[in-house]
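Structure record follows, encoded as C-alpha cells.
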Amino acid sequence: MDNRVSLTHLDESGAARMVDVGDKSTTRRRAVATATITTTPEVISLIGQAGLPKGDALPVARIAAVMGAKRTSDLIPLCHPLPLTGVDVDFTLTDSAVTVTAAVKTVSVTGVEMEALTAVSVAALTIFDMIKAVDNRAVIGDIKVLEKSGGKSGDWKRES
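Counting from 1, one number per residue, gives the positions in the sequence shown under the UniProt record's numbering.
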C-alpha cells in the first residue's frame, strides 16, 4: 500500500499546475488568520495615538490588508482568483505588540486561507514600513490560520 501524500499542485511529471476546481461545489467559505508585530512600548504608544512620522498606521494597514486579500492570486503562484464577499480586519495593541486579525469570506469553489494569510501579512508589512523610522528592529511573526469553515474538508479551529 502506498502511503505517500498526493500533491495536488503537481502533474504526473512533477511540474507545477493550477488545480482544476471546476467540478467542486460552491459553498460559503471563511478563514481567519493572524500576524503579530513586536516593537517597543514607546512605538505602541505612538501607534495608538496616531503619532507616527508617516501617519496613522492602523487605517493604512487595514486598507493594505483588504488590498492584499484581493490581490492574493497575483502574489501567490497557483492560487485561484476568488470573488471575495468580505474582508474584516482588526488590530489588538498590547504593551509591546500589534496583533492583526483578518476574516475573509467568499462563496466559491475553494477556500480563502491564503487570502486571510496574505491580508495579515501585508498589514504587518505596512505597519513595519510605518514604524521603521522609530523602530527598525520590530519583528513580524506568528503568522497563522486560526480557523476556516466551508468546503469539503469542513470546519477547523486552531486549539489555543
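No residue lacks a Cβ here, since even glycine has one placed at the ideal position from N, Cα and C.
All values reported here derive from a predicted model rather than from experimental measurement.
Asked                                                                                         : Found
For Gly48, three-class secondary structure by DSSP                                            : helix
Cβ pair Ile143, Ile37 closer than 7 angstroms                                                 : no
Length of the line joining the Cα atoms of Ile127 and Ala57                                   : 6 angstroms
Where Ser108 falls, given that 16 or more other Cβ within 10 Å makes a residue buried         : buried
Three CB pairs or more closer than 8 angstroms across the stretch 20–37 and the stretch 89–98 : yes
Backbone CA spacing between Val125 and Arg62 [nearest angstrom]                               : This sequence places Leu at residue 125; Val is not what is there. Each residue's alpha carbon lies about 11 angstroms from the other.
6 angstroms Cβ shell around Asp155 - same chain, five flanking residues per side excluded     : Ser149
Three-way DSSP call (helix, strand, coil) for Asp142 in this model                            : strand
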